[in-house]
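Under numbering that gives the first Met the number 0, think of the first position of the sequence shown as 0, with each following residue one higher. Where is the CB? At the ideal position from N, CA and C, for every residue including glycine. The structure appears below as structure tokens.
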Amino acid sequence: MKKVIITGITGQDGSYLAEFLLSKNYRVYGMVRRSSTENFERIEHIKDKIEFYHADLLDFSSLVEMIDEIRPDEVYNLAAQSFVPTSWKQPILTGEFTALGVTRILEAIKLIDKKIKFYQASSSEMFGKVLEIPQKETTPFYPRSPYGVSKVYGHFITVNYRESYDIFACSGILFNHESPRRGREFVTRKITEGVAKIKLGMTDKLYLGNLDAKRDWGYAGDYVKAMYLMLQQEKASDYVIATGETHSVKEFVQLAFERVSLDYKDFVVIDKTLFRPAEVDQLVGDYSKAKRILGWEPTVSFKELVNMMVDSDLEKLKNNG
Ligand code: NAP
Ligand code: GDD
0 MKKVIITGIT GQDGSYLAEF LLSKNYRVYG MVRRSSTENF ERIEHIKDKI EFYHADLLDF
60 SSLVEMIDEI RPDEVYNLAA QSFVPTSWKQ PILTGEFTAL GVTRILEAIK LIDKKIKFYQ
120 ASSSEMFGKV LEIPQKETTP FYPRSPYGVS KVYGHFITVN YRESYDIFAC SGILFNHESP
180 RRGREFVTRK ITEGVAKIKL GMTDKLYLGN LDAKRDWGYA GDYVKAMYLM LQQEKASDYV
240 IATGETHSVK EFVQLAFERV SLDYKDFVVI DKTLFRPAEV DQLVGDYSKA KRILGWEPTV
300 SFKELVNMMV DSDLEKLKNN G
């Protein structure tokens, strides 16, 4: 049985990746940081099949001990401070988690066993003020937030450990991916939960920022399969994972309200405080390398994704009372 460590297992992607690797018969170890209350909402249904290990991206010796004790075949580094607006409020902490945290894990792998395969959760935020449309593996980076800058560091340190120490290290440059398990502060989930609350009469306003920003939105369940495929190749490399389509926040809002037969103009209020100091205006990815080498393709359309998330939030709110 192959052993895998997933950092960030309590997050959206960690939960889908753990499900997927369990279905592939992996022994799954989840790295969690200590907290006064358990934070297992997304992995409640599989937690009995996961072995949890307490460690923190900020604490090098905890990472060394974890890797030494478990001796995994593969490590997926999904843990990060992942919310872009927080990265302006806490830029130094974001750098510690999202940038230096990557070096700490890679150093631990280098010290203990260079044959451990490594996946780094890189991001389309690295393209920021885009220098090419669509964005592919060779597109230069121009990050627009402390989060994006930290991810560029994480990407290049992954490439560097691959080239310096011959570690099988891959950087997956993933465009936005969403699901019913998406954190509530990200725009898609904020919209679908807001729409569900409005439909059920629990509120009558949805406060949003920039509706003109465009993103390439896919389904998280599809994207974790690409992570796995990257580590099964003969050669380590970096891949863009995207749908190749771009849609504005406004289009997402429109479709979400249409799903419950309402007009968004009656409920959405623009709140200027939600605009960012520097925006990423448009992202759209070219996933042809992943298609050619990994045989990977997205399976959920934009409309299916919106509908899935609205339906799930309606269901959750109805069940809660
Ligand atoms: P998420 O839901 O915000 O989950 C982040 C995870 O990181 C949580 O499990 C969190 O643990 C953990 N974490 C944060 N700081 C930590 C620390 N110091 N030590 C240990 N664990 C820590 O993020 P996601 O959407 O699943 O994304 C997964 C990864 O992919 C992230 O690195 C993100 O930046 C990257 N990414 C995401 C997208 C996307 O669209 N979702 C696109 C590109 C890249 P707690 O539960 O304890 O907070
Ligand atoms: N969060 C949020 N809240 N975003 C809003 C709002 C709002 O009320 N109103 C408009 N937006 C706009 C933002 O300005 C941004 O342009 C867009 O919606 C998407 O914002 P988020 O959903 O917060 O995601 P993100 O694109 O900044 O970052 C996500 O995707 C990255 C990959 O490109 C995160 O998952 C990152 O961790 C990930 O790397």
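Going by DSSP, Gln11 is part of the alpha helix (DSSP H) stretching over Gln11 to Ser22. By the CB criterion at 9 angstroms, Ser144 and Gly171 fall outside the cutoff. The beta carbon of Val151 sits closer than 8 angstroms to those of Met125, Phe140 and Pro142, all from its chain and outside the five residues before and after it, given in chain order. Counting only runs of 4+ residues, the alpha helix (DSSP H) found wholly inside the segment 57 to 95 occupies 59 to 69, 83 to 88 and 90 to 93, in chain order.
The beta carbon of Phe82 lies closer than 8 angstroms to those of Tyr146, Gly182, Glu184 and Phe185 in the same chain, with the five residues before and after it left out.
Counting only the Cα atoms, Gly100 lies some 19 angstroms from Pro84. Here Ile69 has Lys2, Ile4, Tyr28 and Tyr52 as same chain residues with Cβ atoms under 8 angstroms from its own Cβ, once five neighbours each way along the sequence are excluded. Apart from sequence neighbours up to five positions away, the residues of its chain that approach Asp165 with a beta-carbon distance below 8 angstroms are Lys113, ordered along the chain. The alpha carbon of Glu244 has as its nearest neighbour, out of Tyr286, Val279, Met229 and Leu254, the alpha carbon of Tyr286.
For Ala79, the distance from the CB to the nearest heavy atom of the ligand NAP is below 8 angstroms. Here the C-alpha atom of Leu77 lies approximately 7 angstroms from the C-alpha atom of Gln119. For Val151, the uninterrupted alpha helix (DSSP H) run begins and ends at Pro145 to Tyr164, by DSSP. The closest CA to that of Gln80, considering only Gln89, Glu73, Asp265 and Asp72, is found on Gln89.
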